[in-house]
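Taking the numbering used here, I'd label the letters of the sequence shown as residues 251 to 447.
Virtual Cβ for every residue (Gly too), placed ideally from N, Cα, C.
Given the structure is predicted, the values throughout are model-derived calculations rather than measurements.
Okay, so here's the structure we're looking at.
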Amino acid sequence: MKVKYTFIILFLFLFSANAQFKKYDKTLKLMGSRFDISVVADSPGNGEKYIEIAISEIERIESIISSWDKKSETSLINQNAGIQPVKVSRELFDLINRSLQISKITEGAFDISYASMDRIWNFDGSMTEMPSAEAIKKSVEKVGYENIILNANDQTVFLKSKGMKIGFGAEGKGYAADKAKELLQKLGVKGGLVNAS
251 MKVKYTFIIL FLFLFSANAQ FKKYDKTLKL MGSRFDISVV ADSPGNGEKY
301 IEIAISEIER IESIISSWDK KSETSLINQN AGIQPVKVSR ELFDLINRSL
351 QISKITEGAF DISYASMDRI WNFDGSMTEM PSAEAIKKSV EKVGYENIIL
401 NANDQTVFLK SKGMKIGFGA EGKGYAADKA KELLQKLGVK GGLVNAS
């Protein structure tokens, strides 16, 4: 209880000492999900500017990792599955490498290659029946983080099987939120929140 009171007092002290700072908020849909962005700034103009910077950073990340955008690096990897390795940016290479490390730690419970199953499941309410056992079996055959080959020297990614796909889902949204937060901190924003849900 003592910690809570100390935090409230500290919070009130900071805001009374810097009364010109206010919180500015925006909620919008990015990456197919709701993002809540809040910043503490000294004016409405700066508040809006910082929020727009965060939005631009999230959109930049989406342009790299989206599996829906046919021009994204991730889509190029998916399009070349079973054909050839694809040279990617250092940022995407590192994100995929991190994902593979998580897959190893979780023994495959977390696996970005589960995107290979997206053609048999529709989560938009349009499915009228379950996929057949055969369709599920064929789809599952393409899942397996062990079949994602990274070449650090060439900075390439190769999916071994034709039809295999990767996708970032919630990890991608969390990554984008983290990168937007880091950028705001580098710009000197004293407080805020970037939340993807």
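Item: How is the beta strand (DSSP E) around T277 delimited, first residue to last?; Value: K272 to L280
Item: Measure the alpha-carbon distance for D319 versus K273 and round it to whole angstroms.; Value: 34 Å
Item: Where does K415 land, buried or exposed, given buried means 16+ other C-beta within 10 angstroms?; Value: buried
Item: How would you write the range of the alpha helix (DSSP H) that A343 sits in, first residue to last?; Value: The displayed chain sequence assigns Phe, not Ala, to residue 343. F343 -> alpha helix (DSSP H) spans R340 to I355.
Item: For L262 and Q270, what's the separation of their Cα atoms in angstroms?; Value: Here the model assigns L262 a pLDDT of 41, short of 50, so the residue's position is not dependable, and the following value carries that caveat. Cα-Cα distance, rounded: 13 Å.
Item: Determine which residues share a DSSP beta bridge with G442 and list them.; Value: V289
Item: What residue does the alpha helix (DSSP H) around V390 start on, and which one ends it?; Value: A383 to V390
Item: Whole angstroms is fine: what's the gap from D275's alpha carbon to I287's?; Value: 6 Å
Item: So what does DSSP say about I327, is it helix, strand or coil?; Value: helix
Item: Determine the burial state of N401: buried for a count of at least 16 other Cβ atoms within 10 Å of its Cβ, exposed for fewer.; Value: exposed
Item: When the distance is taken between beta carbons, is S349 closer than 8 Å to E432?; Value: no
Item: Using the rule of at least 16 other Cβ atoms within 10 Å of the residue's Cβ for burial, across every protein chain shown, is K392 buried or exposed?; Value: buried
Item: By alpha-carbon positions, which one of N296, S322 and A291 ends up nearest to F418?; Value: S322
Item: Provide the residue span of the beta strand (DSSP E) that contains L409, from first to last.; Value: T406 to L409
Item: In the DSSP output, which residue or residues are listed as bridge partners for V336?; Value: V407
Item: Between N397 and K436, what straight-line distance do the alpha-carbon atoms span, to the nearest angstrom?; Value: 37 Å
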